[in-house]
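K.L.:
Please read through the structure below; I'll follow up with questions.
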Amino acid sequence: MMTRRSKTGFSGLLLSGLLACVSFAFAQDEAERHGYFNVRSASTTLVNGVQELDARLQLILSEDALDALGSGVPLTIELNVEVIRVRRFMLDAVDAELSLRYELEYRPLSQRYIVRNINSGDQDSFATLFSALNNLGRIQRLPIIDDSLLLPGSKYRIRLRALLSTRQYSAPLRLLFFWRDEWQLKSDWYEWRLER
């Protein structure tokens, strides 16, 4: 009797574990189909009087965004950075805001993915979407703010987020995208204290 119960209990446990694995895989597949943006890490370093940003992002495009990209519609990925001064008896103040925009485009004739920095005009070409998104997700030594613009003795925090921007499209398209979750790709704010 004890042996039979143990076998039954073990089978039930095995079945529960298998179902948990399947549901986790399904949830992960579902998240990837809808896409998501995530800031995995971010920090700033003072270099020659300028605060420079290093960050790692995970950028997974939704099926709708992938279809649009494959059809020749360029996508704009935007990074928002805020420099916030901490105040004791008042609301914290946003002393500086920076918006960096990158255009991702697929060219079917050359079968290449083009990443263009809209702010600077620089561009790179990639053989795969994975390598293009991986490049976009690696921010290195990006100048954020001159340290002399920060008030001496004040404490600051910085926050960063990534989003799929739709403001470059016509108003009817933007309205359509507003109602479709697959186009609402935006990471949470990632925040850290500025070391000076």
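In terms of this note's numbering, the sequence shown opens at residue 21 and continues consecutively. Backbone N, C-alpha and C define an ideal beta-carbon position, used for all residues, glycine too. Computed from a predicted structure; not experimentally measured.
1) Report, in whole angstroms, the separation of the C-beta atoms of E102 and V114, which I expect to be a contact under 8 Å.
2) Using a Cβ-Cβ cut-off of 7 Å (strictly less than) and excluding sequence neighbours within five positions of G55, which residues of its own chain qualify?
3) In the DSSP assignment, what residue or residues form a beta bridge with E72?
4) Excluding five sequence neighbours on each side, which residues of the same chain lie with their C-beta closer than 7 Å to the C-beta of G90?
5) Which residue marks the beginning of the beta strand (DSSP E) containing N100, and which one marks its end?
6) Who are N137's beta bridge partners in DSSP?
7) Whole angstroms is fine: what's the gap from Q143's alpha carbon to T64's?
8) Please state whether DSSP places E83 in a helix, a strand or coil.
9) My understanding is that R181 touches S207, with C-beta atoms under 8 Å, so please give their C-beta distance in whole angstroms.
10) Classify L2: buried if its beta carbon has 16 or more other beta carbons within 10 angstroms, exposed otherwise.
11) Can you check whether the CB of S151 is closer than 8 Å to the CB of T96?
12) Short of 7 Å in beta carbon distance, which residues of its chain neighbour R177, apart from the five on each side in sequence? Order them along the chain.
13) Please state the DSSP three-state secondary structure of L111.
14) Mind checking who R179 pairs with in its DSSP beta bridge?
15) With 16 other CB atoms within 10 Å as the buried threshold, where does F57 fall?
16) So what's S91 in DSSP terms, helix, strand or just coil?
P.N.:
Taking the structure as given:
1) 5 Å
2) Around G55, the same chain offers I80, L81, S82, A85, E202 and L205 as residues with beta carbons nearer than 7 Å, after the five sequence neighbours per side are excluded.
3) T65 and P163
4) Y126
5) L95 to V106
6) Paired residue(s): Y122.
7) 24 Å
8) helix
9) Indeed, because the Cβ distance is near 5 Å, the residues count as touching under 8 Å.
10) There is simply no residue 2 to check, as the chain begins at 21 and stops at 216 in what is shown.
11) no
12) Excluding sequence neighbours, R177 sits near I104, V106, E211, W212, R213 and L214.
13) coil
14) E102 and E211
15) buried
16) coil
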